[in-house]
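In our numbering, the protein residues as written are -2 to 96.
Even for Gly, the Cβ is constructed at its ideal location relative to N, Cα and C.
Step one of this worksheet: look at the structure below.
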């Protein structure tokens, strides 16, 4: 069984142009995953922020609630250590379907 530990991130480099979007595949092994306290986030109104960091690359992501943030941090942390999380991936998919 081959497992790819990659996250695909979609972004908008120019928010004023809604039709200009990009995407990027980020291989997770070697990244550090951490939560970001609300007071230190770039935008304090954005809650449940977590960070992926590796050398000179940083990605700030946010979840809808604290529970989902904790699940993402757990799954991404395992992927960063090259572990294959199976139960949590199913849980995240089920959570997304319930929204």
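Spatially closest choice to residue 28 from 61, 53 and 65, by CA coordinates: Selection 61, 53 and 65 evaluated against residue 28 yields 53 as nearest (Cα-Cα).
Collapsed DSSP secondary structure at residue 61 in the structure displayed: If DSSP states are grouped into helix, strand and coil, residue 61 belongs with coil.
Please name the residue in 56, 22 and 46 whose C-alpha comes closest to that of residue 68. The candidate whose alpha carbon is nearest that of residue 68 is 46.
On the DSSP letters alone, give me the boundaries of the beta strand (DSSP E) that residue 23 sits inside. Here the beta strand (DSSP E) through residue 23 covers 19 to 24.
Going by other Cβ atoms of all chains shown within 10 Å of its Cβ, with 16 needed for buried, is residue -2 buried or exposed? Because the pLDDT at residue -2 is just 48, under 50, the model does not fix this residue reliably, and the value given afterwards should be weighed accordingly. Within a 10 Å sphere around the beta-carbon of residue -2 sit fewer than 16 other beta-carbons, which makes this residue exposed.
In three-state DSSP terms, what is residue -2? Only weak support exists for where residue -2 lies, its pLDDT of 48 falling under 50; the coordinates are left without a value.
Taking residue 48 as part of the beta strand (DSSP E), name the residues at either end of that continuous run. Unbroken beta strand (DSSP E) run through residue 48: 46 to 51.
With DSSP collapsed to three states, give me the class of residue 80. Three-state DSSP puts residue 80 in coil, outside helix and strand.
Residue from 3, 58 and 23 whose Cα sits closest to the Cα of residue 33: Among 3, 58 and 23, the Cα nearest to that of residue 33 belongs to 58.
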